[in-house]
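Asks:
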Amino acid sequence: MSPKKVITDFIQDTYKIKIQSDYVVFGIRGCIPDRDGDLIDTKNEFNKYDDTLGWITESERFLVQGTVEPGKKYTVNPMNPNGAFYLKNGIYQMVRALHFGNEAFNLFSKYPQGKLEGYRDISRKGINPIIQDSKAKIFYDATGVDLHAGGNDPNNIDGWSAGCQVVLHDWNSKTWRDFKEPLYKSKQRTFLYCLFSYSDIKLQIES
């Protein structure tokens with residue numbers, strides 16, 4: 006089944022929203038897109054860009070390689086004493102914003118309301134806490150969780166993420182411009198951002 010249909014159906018069925026002309030942005034843990042736009046399962050390894058970021062409407066879809074998890078720099082030396090932040094799968098709200106002076110996006114709340122939800126890597130292991138413990142504590146203290154451009158090495162997130170959602174390739178890359186510009190040119194003020202795992206759609210994608 007096509008990634009566009011599977012992603013559309015998953016978001017609509019899970020969150021009871023209708024994907025029409027407005028852009029819905031998403032992140033998928035544990036897979037990357039190939040050159041044809043199909044999704045390839047990954048091992049979801051620490052400090053690697055092995056996730057997918059994208060956006061979708063009823064008539065379009067765009068997929069890029071990225072990461073939805075923190076890199077090594079802020080895992081070892083986190084900004085928060087409780088550890089680097091892992092955004093919890095769910096649906097959030099996002100707006101245009103600056104990240105270190107560059108055009109990007111900021112995740113500011115859960116949808117339809119509430120604070121961002123996530124886990125903190127207290128153990129500094131570089132493993133999503135929910136994988137280590139199904140009852141891992143949920144934190145609501147995250148600020149500055151942005152979606153932005155990153156580095157150019159797919160095997161080294163390093164300091165490009167302390168919990169942000171990051172597109173592989175830098176601010177001047179065609180990849181980032183192709184991701185960002187349609188959203189910036191749209192009339193939408195707020196975007197939905199949906200984060201989920203490849204395991205949520207694996208059977209449908211591979212059927």
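In our numbering, each residue's number is its place in the sequence shown (first place is 1) plus 5. All residues carry an ideal CB built from backbone N, CA and C; glycine is no exception. Computed from a prediction, not measured in an experiment: that's the story for all the values here.
(1) Identify, in the order they occur along the chain, each residue of the same chain with its Cβ nearer than 7 Å to the Cβ of T13, setting aside the five sequence neighbours on each side.
(2) Tell me whether N49 is buried or exposed, calling it buried when 16 or more other Cβ atoms sit within 10 Å of its Cβ.
(3) Look at the alpha carbon of S191 and the alpha carbon of I135, and state the distance between them as a whole number of angstroms.
(4) Can you list, in chain order, the residues of its chain with a C-beta nearer than 8 Å to that of G155? Leave out the 5 residues immediately preceding and following it.
(5) Following the continuous beta strand (DSSP E) through I16, name the residue where it begins and the one where it ends.
(6) Keeping to the same chain, check which residues put their C-beta closer than 7 Å to that of Y116; ignore five residues upstream and five downstream.
(7) In the DSSP assignment, find the unbroken alpha helix (DSSP H) run with L208 in it and report its ends.
(8) Which class does L44 belong to by DSSP, given the choice of helix, strand or coil?
(9) Following the continuous alpha helix (DSSP H) through L188, name the residue where it begins and the one where it ends.
(10) Just reading off the beta strand (DSSP E) that V69 is part of, what are its end residues?
(11) So, for K93: in the same chain, excluding its five sequence neighbours on each side, which residues have a beta-carbon less than 7 Å away from its beta-carbon?
(12) By DSSP's criteria, R34 is part of a beta bridge. Which residues make up the other side?
(13) Can you tell me the Cα-Cα spacing of N133 and L112, whole angstroms?
(14) Assuming F110 and D151 make a contact with CB atoms under 8 Å, what is their CB distance in whole Å?
(15) Select from D46, G35 and F31 the residue whose C-alpha is nearest the C-alpha of K185.
(16) Using only the alpha-carbon positions, how far apart do I206 and V29 sit?
Replies: Working from what's here:
(1) I24 and I61
(2) buried
(3) 35 Å
(4) Y54, G71, T72, I162, W165, S166, V171, V172, L173, H174 and D175
(5) Counting along the chain, I16 falls outside any beta strand (DSSP E), though it belongs to the alpha helix (DSSP H) covering P8 to Y20.
(6) I96, Y97, Q98 and L197
(7) K207 to I210
(8) strand
(9) K179 to K190
(10) R66 to T72
(11) E122, G123, Y124 and I143
(12) S202
(13) 19 Å
(14) 6 Å
(15) F31
(16) 17 Å
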